[in-house]
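**Student:**
Chains as they are written, first to last, in our numbering: chain Z, 407 to 517; chain Y, 10 to 121.
Laid out in structure tokens, this is it:
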């Protein structure tokens, strides 16, 4: 059974204070690891897909990296508008295209 | 821009009522999904569909059914709503092959 664990559950940072969110996973044949951003009361918004260990993707202040056991979402010099819940999900060979999600990291950036 | 829409943002129903949640995507995606999201439990897959008239159970199908009569539309049905089905319901779609899914805005369902 695929499993995804995100840490920390919640993180409060000052504006400009860089940090990283962790996503640890166990999966039977990784087809992709996905990061989403979710604002309160809204659906998840797609950020990145990573397919193989060593791969990195960047978008503005966000950078996602992948190893064989975990992924990190690095946030550089965050702004208050980066406050959201960040979700990690994996797709596996046995999952028939369904995704297994972690419970998310609730990020608050204080001005 | 990809777009997934859901029929209602907020819905309040009574125990025992039949509830229909509708989802429409305009991206010509083959695969569509229904999830529910609850605090502390994350997103859990209820049902998914590979094609018109095809459906597969996800991790928590009990108490739900689905219908896919057209490629762009995927409906979630609660035959007899119960209070433990109070939740945020999210629809998503994607192309085959394990690629990223695109989500709708969600329906916050309250069953009284």
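The beta-carbon is built from N, C-alpha and C at its ideal position, and this holds for glycine as well.
Quick one: measure Cβ to Cβ for residue 394 (chain Z) and residue 451 (chain Z), integer angstroms, because I've assumed they're closer than 8 Å.
**Tutor:** Chain Z is shown only over 407 to 517; residue 394 (chain Z) falls outside these bounds and no answer can be derived.
**Student:** Hey, quick one: how far does the beta strand (DSSP E) through residue 51 (chain Y) stretch, first residue to last?
**Tutor:** Here the question's residue 51 (chain Y) lines up with position 42 in the second chain. Start and end: 51 to 58.
**Student:** Which class does residue 511 (chain Z) belong to by DSSP, given the choice of helix, strand or coil?
**Tutor:** Looking up residue 511 (chain Z) in the first chain gives position 105. Strand at residue 511 (chain Z).
**Student:** By the three-class DSSP mapping on this structure, what secondary structure does residue 407 (chain Z) have?
**Tutor:** One-based indexing of the first chain puts residue 407 (chain Z) at position 1. It is coil, neither helix nor strand.
**Student:** Can you find a C-beta in chain Y that's less than 8 Å from the C-beta of residue 417 (chain Z)?
**Tutor:** Position 11 of the first chain, counted from the first residue, corresponds to residue 417 (chain Z). Residue 417 (chain Z) does not count as touching chain Y.
**Student:** Following the continuous beta strand (DSSP E) through residue 426 (chain Z), name the residue where it begins and the one where it ends.
**Tutor:** Residue mapping note: residue 426 (chain Z) aligns to position 20 of the first chain, counting from 1. Residues 425 to 432.
**Student:** Please list, in chain order, the chain Z residues whose beta carbon lies closer than 9 Å to that of residue 67 (chain Y).
**Tutor:** Sequence index remark: in the second chain, residue 67 (chain Y) carries index 58 (1-based). Residues of chain Z passing the Cβ test: 504.
**Student:** Tell me which residue opens and which closes the beta strand (DSSP E) that residue 86 (chain Y) is part of.
**Tutor:** In the second chain, counting from the first residue as 1, residue 86 (chain Y) sits at position 77. First-last of the beta strand (DSSP E) with residue 86 (chain Y): 82 to 87.
**Student:** Do we get a CB-CB distance below 8 Å when we pair residue 31 (chain Y) with the residues of chain Z?
**Tutor:** In the second chain, counting from the first residue as 1, residue 31 (chain Y) sits at position 22. It does not: the Cβ of residue 31 (chain Y) has no partner Cβ on chain Z nearer than 8 Å.
**Student:** CB-CB under 6 Å to residue 31 (chain Y), same chain, minus the five flanking residues each way: which ones, in chain order?
**Tutor:** As a position in the second chain, residue 31 (chain Y) is number 22, starting the count at 1. Cβ neighbours of residue 31 (chain Y) beyond the five flanking positions: 16, 84.
**Student:** Quick one: which residues of the stretch 70 to 91 of chain Y get their C-beta closer than 7 Å to a C-beta of chain Z? List them in chain order.
**Tutor:** Residues passing the 7 Å Cβ filter: none.
**Student:** Quick check: is the beta carbon of residue 109 (chain Y) nearer than 8 Å to any beta carbon in chain Z?
**Tutor:** Against the second chain, residue 109 (chain Y) aligns to sequence position 100. So, interface residue.
**Student:** Quick check: the stretch 482 to 489 of chain Z against the stretch 503 to 517 of chain Z, are there 3 or more CB pairs under 8 Å?
**Tutor:** At 8 Å Cβ cutoff, the stretches touch.
**Student:** Residue 450 (chain Z) touches chain Y at which residues, Cβ-Cβ below 7 Å?
**Tutor:** Position 44 of the first chain, counting from 1, holds the residue named residue 450 (chain Z). Within chain Y, the residues near residue 450 (chain Z) are 112.
**Student:** Sort out for me which residues DSSP pairs residue 481 (chain Z) with in a bridge.
**Tutor:** Position 75 of the first chain holds residue 481 (chain Z). DSSP lists Z:425, Z:468 as partners of residue 481 (chain Z).
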